[in-house]
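Visitor:
There are 2 protein chains.
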Amino acid sequence: MGISERKEREKEQRRNDIIDAAEKVFFKKGLNNSTMDEVAEEAELSKGTLYLYFKSKEEIYFEIKLRAIRILNGMFIESISENKTGFENCMEIGKTYVAFLNNYSNYYRVMVYFENNDCRVCEFKDKCENFFKEDNPLKFFIQIINQGIEDGTIRDDIPANVLAQTLWAQTNGILQFISTKQKILEFTGVKAEDIVYSQYEIIKRGIRNEGKS
Amino acid sequence: MGISERKEREKEQRRNDIIDAAEKVFFKKGLNNSTMDEVAEEAELSKGTLYLYFKSKEEIYFEIKLRAIRILNGMFIESISENKTGFENCMEIGKTYVAFLNNYSNYYRVMVYFENNDCRVCEFKDKCENFFKEDNPLKFFIQIINQGIEDGTIRDDIPANVLAQTLWAQTNGILQFISTKQKILEFTGVKAEDIVYSQYEIIKRGIRNEGKS
DNA sequence: TAAAAAATATGACTAACGGTCATAATATAA
DNA sequence: TTATATTATGACCGTTAGTCATATTTTTTA
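Here the protein sequences line up with chains A and B, keeping their order.
Be aware that the first sequence starts at 113, since it is given in the numbering used here, and climbs by one per residue.
Be aware that the second sequence starts at 113, since it is given in the numbering used here, and climbs by one per residue.
This is the structure:
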């Protein structure tokens, strides 16, 4: 049945085209100031057609979030190395996350949106439920922490699970701060890099296995 | 002119009544699922009247945020003590912030909303611009860190400004994580308290002045 | 290849809701 | 008591996410 397969591909393609169009519109004007009519126009389709491929405006946004996560995951995987210690890899991931914020700020913003609007995310419950079980930056990060505990470069008095989630949550807080609180940074005369550097310094001391370099 | 003063008081009172009503409605159903008609009904006023006292739905929400900040500030001030070191006070503030999340989760959620929707906050630019200059949890926290640096209990190689904002941002990340990622915590079998404890542990090592207890 | 059936696309329409404004009610001043 | 100012009202408006009856295109059938 070559036809149904081709149709499947075409459908997938159209879905992607719609997400592409939505991305353009949303990135330019923000989710709230973008209308589905604009997305439809950008995609050269009628509005009704959008709803054949997606349940809601927010579901399209959620698909963009998935793209963001895929990019971030890819960057993380590229940034680590077998030749480095767990501790070094861990710090590398931090740097990479900051680079993601700088290079893909649009995608980053989409991710933040879903961090903080979990009430609505229920719509995608099924997708979210299984999310952690699949490839996911946090899951990946836990492995790195584990590596560090095993190779003795990261303190071992906190379970890898817990330590990883703590660092992950912290780091999200840092990125969120430097990306939304420019006013405060300006007013206090502090640069985003200062905060990032300070975060590294605290983490270094905070998680390094004592006695090791 | 006793009359105009009384009128002023009455107006202020009515404003507060409206915020009270809005709080009830918003806390019960969430900002997005609450309508201005519902707020008006709860306040026993017509919808039009609401707009005599507030420019928009979101401005009312912003007023609720101000209440939240006032509560948090009060808790912070209560939690510190002249008899404690800067380091101890700093840790105390962390604990207090967690207590705030647990005891005033509705207010906490409002604060988070404005952390992450800064685009819209422009409406309240004037209010926000001056915000940092007034009483503000972060500003207060900077003072505590300064105390710690001065009394030698907190490392002095990072400026108080920077260190305080870093810790603040981190902690926000932690609170946000434990309040929105229950699913992940469940799945990994980690408790919110574990994360909080781990955070304390990392910070302790991370900011304590070496050589001091 | 033509007609029937299935799949896909359309855009006018609806419902919901934030915000407005002409009008009404009430309080104050003259 | 009348004129003026203040406060309140709710019908109405504009916008927009989402729907659905209808139309178009593609595939299947005979």
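Where is the CB? At the ideal position from N, CA and C, for every residue including glycine.
Since this is a predicted model, take the numbers as computed values, not measurements.
1) Check the Cβ-Cβ distances between B:D268 and every residue of chain A, and say whether any is below 9 angstroms.
2) I need the boundaries of the alpha helix (DSSP H) containing A:R320, first residue and last residue.
3) At the 9 angstroms Cβ level, is A:D306 part of the contact set with chain B, yes or no?
4) B:K316 CB to nearest chain A CB: under 9 angstroms?
5) Between A:I296 and A:L143, what straight-line distance do the alpha-carbon atoms span, to the nearest angstrom?
6) Flag this pair as yes or no: are the beta carbons of A:K177 and A:M223 separated by less than 9 angstroms?
7) For B:S310, go through chain A and note every residue whose CB falls closer than 7 angstroms to its CB, in chain order.
8) Using the beta-carbon count (16 or more within 10 Å), is B:E322 buried or exposed?
9) Would you say B:Y209 faces chain A, with C-beta separation under 9 angstroms as the test?
10) Return the CA-CA distance between B:Y165 and B:L157, expressed in angstroms with no decimal places.
11) Going straight from the alpha carbon of A:R182 to that of A:E175, what length do you get?
12) From the beta carbon of A:G285, is the nearest beta carbon of chain B less than 9 angstroms away?
13) Between the segment 287-303 of chain B and the segment 304-314 of chain A, are three or more C-beta pairs nearer than 8 angstroms?
14) Taking the alpha carbon of B:E194 as the reference point, which residue from B:G318, B:S168, B:Q259 and B:N185 has its own alpha carbon closest?
15) Indicate the three-state DSSP secondary structure (helix, strand or coil) for B:F266 in the structure shown.
16) With DSSP collapsed to three states, give me the class of B:S158.
17) For A:P271, which three-state DSSP category applies?
18) Give a yes or no on whether 9 angstroms exceeds the smallest Cβ distance from B:Y225 to chain A.
19) Check whether the Cβ of A:V302 lies closer than 9 angstroms to any Cβ atom in chain B.
20) Could you tell me whether any Cβ in chain B is nearer than 9 angstroms to the Cβ of A:I131?
21) Around the Cβ of A:E262, are there at least 16 other Cβ atoms within 10 angstroms (buried) or fewer (exposed)?
22) Just how far apart, CA to CA, sit A:V274 and B:Q282?
23) Hey, A:F252 and A:N185 are a contact pair by Cβ (cut 8 angstroms); roughly how many whole angstroms apart?
24) Look up A:S168 in the DSSP assignment and say whether it is helix, strand or coil.
25) Using a beta-carbon distance below 9 angstroms, is B:K293 in contact with chain A?
26) Let's test the definition: count the other Cβ atoms within 10 Å of the Cβ of A:S146 and tell me whether it reaches 16, buried, or not, exposed.
27) Within the same chain, show all residues whose beta-carbon is closer than 8 angstroms to that of A:N248, passing over the 5 residues directly before and after it, in chain order.
28) CB-CB under 7 angstroms to A:M203, same chain, minus the five flanking residues each way: which ones, in chain order?
Guide: Put simply:
1) Numbered from 1 along the second sequence, position 156 holds the residue referred to as residue 268 of chain B. No - not a single Cβ of chain A is within 9 angstroms of the one on B:D268.
2) Your numbering for residue 320 of chain A matches position 208 in the first sequence. Run containing A:R320: none; DSSP gives neither H nor E here.
3) Reading the first sequence from its first residue, position 194 is the one you call residue 306 of chain A. Yes, contact with chain B.
4) Position 204 of the second sequence, counted from the start, is the residue given in the question as residue 316 of chain B. Answer yes: the Cβ-Cβ gap between B:K316 and chain A drops below 9 angstroms somewhere.
5) Here residue 296 of chain A refers to the residue found at position 184 of the first sequence. Here residue 143 of chain A refers to the residue found at position 31 of the first sequence. Rounded to the nearest angstrom, the two C-alpha atoms are 25 angstroms apart.
6) Here residue 177 of chain A corresponds to residue number 65 of the first sequence, with the count starting at 1. Here residue 223 of chain A corresponds to residue number 111 of the first sequence, with the count starting at 1. Yes, the pair counts as a contact, with Cβ atoms nearer than the cut-off.
7) Residue numbering aside, residue 310 of chain B sits at position 198 when the second sequence is read from its first letter. Per Cβ cutoff of 7 angstroms: I270, V274, L275 and T278.
8) Residue mapping note: residue 322 of chain B aligns to position 210 of the second sequence, counting from 1. By the 10 Å Cβ count, B:E322 comes out exposed.
9) Taking the second sequence and counting its residues from 1, one reaches residue 209 of chain B at position 97. Cβ-Cβ to chain A under 9 angstroms: no for B:Y209.
10) Numbered from 1 along the second sequence, position 53 holds the residue referred to as residue 165 of chain B. Numbered from 1 along the second sequence, position 45 holds the residue referred to as residue 157 of chain B. Near 12 angstroms, if we compare the C-alpha coordinates of B:L157 and B:Y165.
11) Here residue 182 of chain A refers to the residue found at position 70 of the first sequence. Here residue 175 of chain A refers to the residue found at position 63 of the first sequence. Distance between the alpha carbons of A:R182 and A:E175: 11 angstroms.
12) For the purposes of this step, residue 285 of chain A is taken as the residue at position 173 of the first sequence. Closer than 9 angstroms to some Cβ of chain B, the Cβ of A:G285 qualifies, so yes.
13) no
14) In the second sequence, counting from the first residue as 1, residue 194 of chain B sits at position 82. Ranking B:G318, B:S168, B:Q259 and B:N185 by Cα distance to B:E194 puts B:Q259 first.
15) For the purposes of this step, residue 266 of chain B is taken as residue 154 along the second sequence, with counting starting at 1. Inspection of the sequence shows that residue 266 of chain B is occupied by Ile rather than by Phe. Three-state DSSP puts B:I266 in a strand.
16) For this step, residue 158 of chain B is matched to residue 46 along the second sequence. In this structure, B:S158 counts as coil in the three-state DSSP scheme.
17) Taking the first residue of the first sequence as 1, we reach residue 271 of chain A at position 159. Residue state, collapsed to three classes: coil.
18) The count along the second sequence starts at 1 and reaches residue 225 of chain B at position 113. By this cut-off, B:Y225 is an interface position.
19) For the purposes of this step, residue 302 of chain A is taken as the residue at position 190 of the first sequence. Yes, because at least one Cβ of chain B sits closer than 9 angstroms to the Cβ of A:V302.
20) Translated into positions along the first sequence, residue 131 of chain A becomes position 19. So, not an interface residue.
21) The sequence position of residue 262 of chain A within the first sequence is 150, counting from 1. Exposed, since its Cβ has fewer than 16 Cβ neighbours within 10 Å.
22) Taking the first sequence and counting its residues from 1, one reaches residue 274 of chain A at position 162. Taking the second sequence and counting its residues from 1, one reaches residue 282 of chain B at position 170. Rounded to whole angstroms, A:V274 to B:Q282 spans 15 angstroms at the Cα level.
23) For this step, residue 252 of chain A is matched to residue 140 along the first sequence. For this step, residue 185 of chain A is matched to residue 73 along the first sequence. Going by Cβ atoms, the distance from A:F252 to A:N185 rounds to 7 angstroms, so yes, they are a contact pair.
24) For the purposes of this step, residue 168 of chain A is taken as the residue at position 56 of the first sequence. Coil.
25) Mapped onto the second sequence, residue 293 of chain B falls at position 181. At least one chain A Cβ lies under 9 angstroms of B:K293.
26) In the first sequence, residue 146 of chain A corresponds to position 34, counting from 1. Buried: at least 16 other Cβ atoms inside 10 Å.
27) Here residue 248 of chain A refers to the residue found at position 136 of the first sequence. Correct list, in chain order: I181 and N185.
28) The count along the first sequence starts at 1 and reaches residue 203 of chain A at position 91. Cβ within range, chain order: Y312.
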